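The opening residue of the sequence shown carries number 18 in this note's numbering; numbering runs sequentially from there.
Cβ atoms here follow ideal geometry from the backbone N, Cα and C, with glycine treated the same way.
From a predicted model like this one, the values you see are computed outputs, not experimental measurements.
Written below as structure tokens is the structure these notes are about.
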Amino acid sequence: MKISSLKNLTKPCKLLVLIYCAQFVMACTSTPPINKIFEVPETELAELKLAYYSDYFSFVGEDEIGKVAFAIDNNRGQDQETWQADHFVVMHDEKQGWLSPKGNGLYPNPEAKMADIPSSEFFSFEGRPKDGVTIQSDVNALVLKIEPIQTALKKEKGLSQFQLGSAKATLKWKGRTIQGRVIHEFLYLPAFNRLSRNYVGVFKDFHGIYAVIGKNDDFYFHLQKNEVLGLLTGLNLGFVVINGKPYELETIHPKIKDRRWTKGFYRWPTGWAGDFKFNDSSHKVSLDLEQKNIIANWVIGGFAMGIVTGEIEIDGNQFPVYGLAELIL
């Protein structure tokens, strides 16, 4: 279609065409292509000097006042002789709703930290996941102490790595001491850095659930349609922790209950229900998406966090589920 022919389109169609054109231009400036992350050898990576690390901690806990959910995604990148760092932070209190913690966005990484998480003026980090991590934020009046992470599953393709695990954790926040659980997600992608370069379609209809079963066990799964990233992280993947023991899900087939239109050309899910299998036995889950917090709306897609509630059936027994949902559509 010639750009001059846009005058014959309605305003919504013009906007859609312009967005696609902008994405195409952005994609053309992204070098190397995203599939390079699984193919690059160490010798070439040393010349590229391009890499990306992410540690995502999702906490869910409860005290006598109510439930609290807190998530912080810590991203680091290298592009030649420059290093970047970024926090994404959300927090939800059962009584107050969605809060606005300080610290979101890019911040300096002068020590060029990649494997370890660099501290910022808003958050400091001590320890490593395998040994236990303490995250402190004076400005947000919180301290999150995480016990050593127990690995639930690990995937590798080329030099790329994806790992999931969980642990007990305690959140001290504004005079409250909240016992709970943390799900940790680690990602390493060579020849890639979304903090310094533009990529299209890295996440495609991504639904990630980070939840607690009862008070002491965990349930994680994600669904996505990005077949490139899915080569590492899987299109449908998850794990459960039952009585302290982690199990990778052998299969998971939750269906989206329904979708509802938003301000754009896409629809948010309302929940998920279906079967999953681990330890050679089948089980069921039903979750509803509540109290959605829309972070971004790109007209043809969006990014939101939400609270999920529901039940999981394991060996004929019902257990409550509560946690966070991450949606990138």
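Looking at C-alpha atoms only, which residue of the options is the closest neighbour of residue i?
i, options, result
"residue 100", "88, 342 and 66", "66"
"residue 339", "57, 307 and 252", "307"
"residue 121", "89, 151 and 50", "89"
"residue 222", "334, 239, 170 and 260", "239"
"residue 87", "164, 195 and 168", "195"
"residue 96", "85, 131, 137 and 235", "131"
"residue 104", "249, 136 and 52", "136"
"residue 171", "229, 265, 153 and 211", "265"
"residue 312", "300, 329, 342 and 337", "342"
"residue 253", "263, 108, 242 and 319", "242"
"residue 335", "310, 322, 303 and 324", "303"
Once the 5 residues before and after residue i are set aside, which same chain residues still bring their CB inside 6 angstroms of it?
i, result
"residue 197", "76, 77, 78 and 186"
"residue 193", "80"
"residue 123", "103"
"residue 73", "90 and 202"
"residue 85", "78, 110 and 195"
"residue 258", "183, 234 and 235"
"residue 327", "303, 304, 305 and 338"
"residue 245", "51 and 52"
If you drop the 5 nearest sequence neighbours on each side, which residues of the same chain put their C-beta closer than 7 angstroms to that of residue i?
i, result
"residue 159", "188, 189 and 190"
"residue 284", "276, 277 and 278"
Would you identify the three-state DSSP class for residue i, choosing helix, strand or coil?
i, result
"residue 324", "strand"
"residue 244", "coil"
"residue 63", "helix"
"residue 334", "strand"
"residue 82", "coil"
"residue 191", "coil"
"residue 119", "coil"
"residue 42", "Note on residue 42: pLDDT 41, under 50, position unreliable in the model; the coordinate value appears next. Helix at residue 42."
"residue 7", "The chain is shown only over 18 to 346; residue 7 falls outside these bounds and no answer can be derived."
"residue 206", "strand"
"residue 329", "strand"
"residue 69", "strand"
"residue 177", "strand"
Which residues does DSSP list as the beta-bridge partners of residue i?
i, result
"residue 58", "DSSP, once it has assigned bridges, lists no residue as partnering residue 58."
"residue 186", "163 and 197"
"residue 87", "76 and 108"
"residue 128", "Answer by DSSP bridge pairing: none, since residue 128 is not bridged."
"residue 145", "149"
"residue 154", "159"
"residue 227", "237 and 341"
"residue 169", "Its beta-bridge partners do not exist; DSSP assigns none."
To which residues of the same chain is residue i closer than 8 angstroms at the C-beta, ignoring the five residues directly before and after it?
i, result
"residue 209", "51, 53, 54, 67, 68, 69 and 216"
"residue 298", "332"
"residue 300", "292, 293, 294, 329, 330, 331 and 332"
"residue 129", "95 and 100"
Curious, which full-length alpha helix (DSSP H) runs of at least 4 residues does the stretch 89-114 contain? Entirely contained in the stretch 89-114, not one alpha helix (DSSP H) run reaches 4 residues.
Length at least 3, wholly inside the stretch 239-325: the beta strand (DSSP E) runs in chain order: List check, beta strand (DSSP E) in window: 253-259, 262-265, 268-273, 276-278, 284-286, 288-295 and 298-314.
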